[in-house]
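Residue numbers (this note's numbering): 434 to 1196. Encoded as structure tokens, the structure appears first; notes follow it.
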């Protein structure tokens, strides 16, 4: 059962990309991009992108090349192609399985192995619906690599991974107040990226914050019109990125000389390449640096060396690019915020992987086509590299990595070359470990039994279901609270034991307490059994929902006794205490979460909701509103944001009427009338081009008899946006409903347009 999922996925890869055996038997050309030159022109009027791309490529295969095939967005319209400056014929078709457009250009003369060719393609790409990958809007344009907006021979879905190379990118067609941004060095509307990267760009209106030390070439790009708090948050994040660059320079050698840019975006957050990171705008509205943002920044900076200065190629490249980058990022988190913060992040990565460990496949064969890929590769990958470091020793591990990165500057490194270098240093023990962790699905489960006294010692039985020996630490906790450690080797698919020489009774034992080994089940690592974070959170949440607040408190405390820095558990504990009217106890738990060095966005929101409710019950309305504001700005879990918005309305209404922008009131009166008319053209005229197409079609399809928006509150945001909270009375198809909604307006010239509906719930 464990193998079925990854075997079927491997069959898909086999069908998509052919067999390696055939490739070895028949000499074939293989293209490696050595430079991109891209000119992109944005047309807001036609909602289309025109692109002219020049690809310089080398034949790194064993046979001559007679054709050159690239992949593009299925909506792209190829207009012309040329090879080495001469016009060339081409044909386009859809790839049945990827649904991408495959364009094959005929080369006028064959290209021998190790020779280069220059291919130029011109095409247009219409954008019907805006997404985080491709968008054209009065607010700006956004084109990321996964939109396949430029031609690429190899996609992220291929065994070799996507093409990366130095590039030059020029963007035109911008409005007077728009500014483009990409990665690399900027010169007006052009960008020159000397590292190995993928072309992408955004346009919009930003305010650039460079921080106190501009010489480090780190900047934050805030949406136009930021608050002073947002500027201060930007300076904190710029400082963090500067510290990360200095840390990795000490660890990996001289820093690549390219700018680091942190860009506030409304969608597409988390994308990072070539030193540029897209961050959700809320990251700049939080009162302190959160764990997700810190990890993304650290990974972005690490990838300047890993994949940027030194290209990563070949099968399994994502295990190096993403898994190793996360391992390195956690070293920086540990240095910058302490071991507890890094361990908390490692616990989250372990929990994320544990949810799919039983159906995951071999890391070295993983591809974005695997449903487990985006969770398994960075999280299990980081665990595997940490385990290799533990086996080899940190200094030796990093020494091998530095040498590999330096030696691979020209031709790159691969998963195969890196593991070979590590095995050469670490010997057979490390080879066996990496062969299992990288080339086989996870089957290991480490179990421990109840300790019993035997002579003058306490003995705990151990079991290992994995196919390799497990070298583990076992931790015992005595009834007096003293921690004892023992080392043990549990043979493959066999039993072992850990011995502790102490006269004091042992209350608890745990195998592999730092969780070095990826496992299929972590719940049996402790004896007597204690709920894992996942078990405790699930059960405590269930009891809380059933209003068994005392039960939720008990389970949360049990979970925290095993994992004291599990922020989600501390939040549910605080909420359970608040529901029992134990305000002082609840406040202590909520403040403990906020005081964590790296809180998560979700816990920031929930903790502020809790503190706001406590302030309300104490009659401190101004403090309550301040806390609810902070919870909304943090944009953690949607449930927390909804609770914060509702509580803020209650608190503000108790003092005076919440603020309402009169221009917004006029807009929604116009929208109500357009919706009741049922005329699609009138409705779409009030919606931002490319946005909310499903909403508009649904409204026209039902044609409500009544649609009346009652504004409860409005608030201006940076980027010339306005957020409205409202209730909407609807009568359609013989039914009456009341909708609770949050609607976002944005400026298009001088007019408001409806651009986003993040909350739309029937009461």
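All C-beta atoms, glycine included, are put in the ideal place defined by N, C-alpha and C. Quick caveat: nothing in here was measured; it's all calculated off a predicted structure.
Reduced DSSP secondary structure (H/G/I, E/B, other) of residue i
i            : result
residue 512  : strand
residue 1113 : helix
residue 998  : coil
residue 794  : coil
residue 1041 : helix
residue 612  : strand
residue 721  : coil
residue 582  : coil
residue 1134 : helix
residue 811  : helix
residue 1156 : strand
residue 560  : coil
residue 981  : coil
residue 1184 : strand
residue 949  : coil
residue 573  : strand
residue 1091 : coil
residue 806  : helix
residue 964  : coil
residue 1053 : coil
residue 976  : helix
residue 633  : coil
residue 789  : coil
residue 532  : coil
residue 835  : helix
residue 823  : helix
residue 541  : strand
residue 768  : helix
residue 1191 : strand
residue 843  : coil
Cβ shell of residue i (< 7 Å), same chain only, five flanking positions each side left out
i            : result
residue 822  : 830
residue 913  : 937
residue 977  : 985, 1005, 1008, 1009
residue 1144 : 1093, 1097, 1098, 1101, 1157, 1159
residue 956  : 965, 968
residue 1080 : 1042, 1045, 1046, 1061
residue 982  : 1009, 1012, 1013
residue 1184 : none
8 Å contact criterion, which residue i and residue j should meet: CB distance rounded
i            : j            : result
residue 927  : residue 897  : 6 Å
residue 677  : residue 731  : 5 Å
residue 1057 : residue 1084 : 5 Å
residue 893  : residue 840  : About 45 Å separates the two Cβ atoms, so there is no contact after all.
residue 1120 : residue 1187 : 5 Å
Proximal residues to residue i (C-beta, below 6 Å), its chain only, five neighbours per side dropped
i            : result
residue 1041 : 1060, 1063, 1064
residue 740  : 754
residue 941  : 910
residue 601  : 470, 625
residue 812  : 782, 785, 786
residue 560  : 480, 567, 569
residue 589  : 595, 801
residue 1190 : 1176
residue 1148 : 1156
residue 1001 : 970
residue 972  : 988
residue 959  : 943
residue 652  : 641, 643, 694
residue 1180 : 1153
Sequence-distant residues of its chain with Cβ nearer than 8 Å to residue i (five each side left out)
i           : result
residue 532 : 507
Proximity test, residue i beta-carbon vs the ligand FMN heavy atom, cut-off 8 Å
i           : result
residue 753 : The ligand FMN is not among the ligands present in this structure, which contains no ligands whatsoever.
Beta carbon proximity, residue i to chain C, threshold 9 Å
i           : result
residue 859 : Included in the structure is just one protein chain, with no chain C present.
Inter-stretch contact at 8 Å, needing at least 3 Cβ pairs: the segment 657-671 / the segment 594-607:
Segments in contact, no.
Enumerated in chain order, which unbroken segments of the alpha helix (DSSP H) with a length of 4 residues or greater are wholly contained in the segment 475-527?
none
As an exercise, report each continuous alpha helix (DSSP H) stretch of at least 4 residues that is fully enclosed by the segment 640-711, in chain order.
661-685
Counting only runs of 3+ residues fully inside the segment 877-936, write out the beta strand (DSSP E) ranges in chain order.
879-881, 885-887, 890-897, 903-911, 916-923, 927-933
Would you call the segment 731-748 and the segment 771-781 in contact, with 3 or more CB pairs under 8 Å?
no
Below 8 Å, can you find three or more Cβ-Cβ pairs linking the segment 596-608 to the segment 630-643?
yes
Is the segment 496-506 touching the segment 469-480, taking contact as three or more C-beta pairs under 8 Å?
no
Below 8 Å, can you find three or more Cβ-Cβ pairs linking the segment 1078-1094 to the segment 1110-1124?
no
Within the chosen definition, does the segment 943-951 reach the segment 966-976 through at least 3 CB pairs nearer than 8 Å?
no
Using a Cβ distance threshold of 8 Å, determine whether the segment 539-555 contacts the segment 508-515, with at least three qualifying pairs required.
yes
Fully enclosed by the segment 1060-1087, which alpha helix (DSSP H) runs are 4 residues long or longer?
1071-1086
With a threshold of 8 Å, are at least 3 pairs of Cβ atoms found where one atom belongs to the segment 520-534 and the other to the segment 483-495?
no
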